[in-house]
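Numbering (our numbering), first residue to last: 1 to 142. Here a beta-carbon is modelled for each residue, glycine too, at the ideal position from N, C-alpha and C.
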């Protein structure tokens with residue numbers, strides 16, 4: 001697990017739950033350049049632990065994860081009082097309509113397809129969401 005040092009400069013904290021090292025590092029570097037604190041988790045269980053202990057401002061969550069898949073992580077996050085209000089954006093390559101609908105019905109704030117967006121675009125959409133509270137059009141897949 002990699003973790004950036006938290007500071008008191010008002011940076012927002014993102015939790016990136018992604019098992020692929022290359023993809024995870026790419027998003028960490030991009031998000032840190034966009035002035036976010038970034039916490040990472042390599043599987044669903046670690047993601048749940050960080051969400052409950054670190055209370056990030058937003059979670060970027062892959063679906064295909066070891067130990068606990070992203071849909072189950074999302075269900076658990078939305079069922080717990082201390083994590084149910086954390087916005088969760090699925091960041092995945094699974095674009096099947098049934099999976100997307102399920103994610104939104106559970107409480108996902110958005111759904112980014114990795115193959116359709118550059119990491120910089122994801123960072124811009126996250127900034128947009130944090131500044132406006134509006135879900136970016138790119139994450140409204142259904």
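Exposure label - residue i; buried when at least 16 CB within 10 Å
i: residue 18; result: buried
i: residue 6; result: Only weak support exists for where residue 6 lies, its pLDDT of 46 falling under 50; the value from the coordinates is given anyway. Exposed is the call here.
i: residue 98; result: exposed
i: residue 95; result: exposed
i: residue 44; result: buried
i: residue 24; result: buried
i: residue 142; result: Residue confidence for residue 142 is low, a pLDDT of 44 falling below 50, so the modelled location carries little weight; the figure read from the coordinates is stated next. Burial call: exposed.
i: residue 8; result: With a pLDDT of 41 at residue 8, under the threshold of 50, the modelled position of this residue cannot be trusted; read the value that follows with caution. Exposed, by the Cβ-count rule.
Selection from the options that minimises the alpha carbon distance to residue i
i: residue 22; options: 129, 114 and 132; result: 114
i: residue 79; options: 108, 99 and 34; result: 108
i: residue 63; options: 53, 34 and 110; result: 110
i: residue 13; options: 116, 44 and 127; result: 127
i: residue 53; options: 96, 130, 77 and 100; result: 77
i: residue 10; options: 135, 130 and 134; result: 130
i: residue 65; options: 20, 49, 106 and 118; result: 20
i: residue 112; options: 135, 106 and 105; result: 135
Beta-carbon spacing of residue i, residue j below 8 Å
i: residue 47; j: residue 26; result: no
i: residue 51; j: residue 74; result: no
i: residue 103; j: residue 71; result: yes
Three CB pairs or more closer than 8 Å across the region 77-87 and the region 25-42
no
With three or more C-beta pairs closer than 8 Å as the rule, is the region 43-58 touching the region 90-103?
Contact between the region 90-103 and the region 43-58 is absent, with fewer than three C-beta pairs closer than 8 Å.
Check whether the region 109-127 touches the region 17-32, taking contact to mean three or more Cβ pairs, one atom from each stretch, closer than 8 Å.
yes
Return the chain-ordered ranges of every alpha helix (DSSP H) run that is complete within the region 7-75 and spans a minimum of 4 residues.
The region 7-75 contains these whole alpha helix (DSSP H) runs: 21-33 and 44-54.
At what residue ranges does the region 97-139 contain a whole run of the beta strand (DSSP E), taking only runs of 3 or more?
Runs found: 110-113.
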